Ligand SMILES: Cc1cc2nc3c(=O)[nH]c(=O)nc-3n(C[C@H](O)[C@H](O)[C@H](O)COP(=O)(O)OP(=O)(O)OC[C@H]3O[C@@H](n4cnc5c(N)ncnc54)[C@H](O)[C@@H]3O)c2cc1C
Ligand SMILES: Nc1ncnc2c1ncn2[C@@H]1O[C@H](COP(=O)(O)O)[C@@H](O)[C@H]1O
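Protein chains in written order, with the numbering used here: chain A, -1 to 260; chain B, 1167 to 1486.
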């Protein structure tokens, strides 16, 4: 048996950088270094573990939709141990929203062929956490999302979803879309061997025409959501900072009382 | 006036506070029609009517508890077809966002998640969002279809606004996809008796500086003296000192209380993402250079094991 896993990975601006908006109110990608979204490393990790725990012949493809530099994200995932990569890149994709991104990803996943899709819980820039559910809807397969534990056996995916009110055990048959949280287990660092091997692994490039998607369906113009205004949050006014000389707790209580919290 | 669908988050008929906040926002855009699903759905009607729901559409079936997400999407889609609303509002929980996204795709509409405010606009509702770890505020609207918007807890005040709240049965036909993902087991979370983290007016958090699970008693004691919820940084959660459900930040809960007290937390960007919109921020940290002090209204540079117990005692004394 073989198991084809597609891991969706996003190339995002570094959260510790000075992220901001470009003039057209899309995320500025020029001034801040990009990287493989940390939350997607967990998805790659779980794909690798499923592969390591499986008797099947597992093939892991990492897929990204993003600009030229997004190749860096693919390289990182390949150096962690994925087998091959697909990069969907097209000038018309600039400004695509989550609905549009899910269209492109779904078409690419179908074209690649899959038994299991693994996504991160959310992208670290958009933080919507909706693409995996949208992929399941588009692909017409079960969604088994936000898992802190996942396993695949005999064509069935099982996992644990820790929700607000309860922890749930979930089960679905393949093909399916899974997303994993940052509770699913630390992602491995690429080894030197892995980094060297990644250089020889195939990266396929597709554009919109390869996926039979019209330019109007995606991009800023095609977006079903419009950002009309973005403004930097005013800096918080400098607060009072007091060194504890033995009375810090009492001083703090005094402050809280003055603000009517006590 | 146009109707606005509000998806009801409830536990066996007890409506959770974020839904009541949604009703406040919904009234700015139209007449709220609530959709309550699952066990106890009909029992939500009184609370919803009290807060402005003109109608409450209800439906119960075992599918809602036995299968993940999709049955609820089917029901909400049926409600949209029945009402033709001007907008659909859903509480921004992890599940709420997934339901909203699938619904939006099905009805050919754009989606906005994690709104922190909502107002009527010439071209439909305008949603305010707080992005890039709350360093930017954006205003967005939906350009296509019926706006589907998820709203974060604590985004509006709960206001009484009595309305009819007449209960009507919603007719739902489940799709083939509804039974795709089976819930084979469920362990309910034990209640701590403390307020819900995302709904609390005051949150007291502990980080790596708390230095051990047993030491969280110090944080809990302060929280209890204030009637607050307890939060934790990811470092404290990863160390196994406090449950993940209490994590504040990008991959935990995002909170926006009246008062946030950070103890032994450095203030990394991913933590700030989940608490930066709190009204008043207080920190106790022994490192005067910790970035959390850039955010605070009041900060104490000192050892939390000296400061926090003294604070707790003082609060108890003042409250008598
Ligand atoms: C993708 C991603 C997602 C993340 N999501 C989250 C998230 O949701 N939430 C989150 O919190 N983090 C998150 N993080 C982790 C984040 O980057 C930080 O590592 C984390 O917030 C640090 O926690 P901390 O402040 O408790 O620990 P530290 O950064 O180690 O800070 C501990 C602080 O305690 C102080 N201290 C120590 N002892 C005492 C004492 N006795 N009294 C007073 N002060 C003391 C120290 O001076 C220090 O400032 C995420 C990271 C990534 C990459
Ligand atoms: N442009 C993209 N390319 C590849 N995967 C993506 C992209 N955008 C989102 N994803 C996947 O969807 C998950 C959730 O993203 P989001 O819904 O944007 O928060 C991410 O963790 C990725 O696995």
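We treat Cβ as the ideally placed atom computed from N, Cα and C, and that holds for glycine. Computed from a prediction, not measured in an experiment: that's the story for all the values here.
Check	Outcome
Which residues mark the beginning and the end of the beta strand (DSSP E) in which residue 1340 of chain B is found?	Neither: residue 1340 of chain B is in no beta strand (DSSP E) and is coded neither H nor E.
Exposed or buried, which one is residue 154 of chain A when buried takes at least 16 other CB atoms within 10 Å?	exposed
Give, in chain order, every residue of the stretch 1328 to 1352 of chain B whose Cβ lies closer than 7 Å to some Cβ of chain E.	Checking the listed chains, one finds no chain E in this structure; the protein chains it contains are A and B.
Cβ-heavy atom distance between residue 1413 of chain B and ligand 1 below 7 Å?	yes
Is any heavy atom of ligand 2 found at a distance shorter than 7 Å from the C-beta of residue 90 of chain A?	no
Counting C-beta neighbours from all protein chains within 10 Å, is the total for residue 1177 of chain B 16 or more, i.e. buried, or is it exposed?	exposed
Please find out if some non-hydrogen atom of ligand 1 comes closer than 7 Å to the beta-carbon of residue 1363 of chain B.	no
May I have all residues whose beta carbon comes closer than 7 Å to any heavy atom of ligand 2, sorted in chain order?	A:6, A:7, A:8, A:35, A:37, A:38, A:41, A:61, A:62, A:63, A:64, A:96, A:99, A:103, A:117, A:118, A:119, A:120, A:121, A:124, A:125, A:126, A:127, A:128, A:129, A:130, A:177
Under the three-state reduction of DSSP, which class applies to residue 52 of chain A: helix, strand or coil?	coil
Comparing C-alpha positions only, which one of A:179, A:51, A:25, A:99 sits nearest to residue 1400 of chain B?	A:179
Identify whether residue 1241 of chain B lies in helix, strand or coil by the three-state DSSP scheme.	helix
What is the DSSP secondary structure of residue 2 of chain A, reduced to helix, strand or coil?	strand
Please identify the residue among A:229, A:44, A:113 whose C-alpha is closest to the C-alpha of residue 22 of chain A.	A:229
Chain A beta carbons: is any one of them nearer than 8 Å to that of residue 1257 of chain B?	no
Give a single yes or no on whether residue 186 of chain A has its beta carbon closer than 7 Å to a heavy atom of ligand 1.	no
Since residue 3 of chain A and residue 58 of chain A are thought to touch, with beta carbons under 8 Å apart, how far apart are those beta carbons, to the nearest angstrom?	5 Å
Does residue 1459 of chain B have its Cβ less than 8 Å from a Cβ in chain A?	yes
Between residue 253 of chain A and chain B, is any beta-carbon pair separated by less than 8 Å?	yes
Cβ closer than 9 Å: which chain B residues qualify as neighbours of residue 147 of chain A?	Residues of chain B passing the Cβ test: none, with the nearest at roughly 12 Å.
Within 7 Å: the Cβ of residue 1400 of chain B and any heavy atom of ligand 1?	yes
Check the Cβ-Cβ distances between residue 1468 of chain B and every residue of chain A, and say whether any is below 8 Å.	yes
Taking DSSP as the reference, what is the three-state secondary structure of residue 24 of chain A?	coil
Should residue 1487 of chain B and residue 76 of chain A be called a contact, given that it needs their Cβ atoms to be closer than 8 Å?	The requested residue 1487 of chain B does not occur in the structure, where chain B is confined to residues 1167 to 1486.
Suppose contacts are defined by Cβ-Cβ distances below 8 Å. Is residue 262 of chain A in contact with residue 137 of chain A by that definition?	A question about residue 262 of chain A goes unanswered here, because the residues of chain A that appear run from -1 up to 260.
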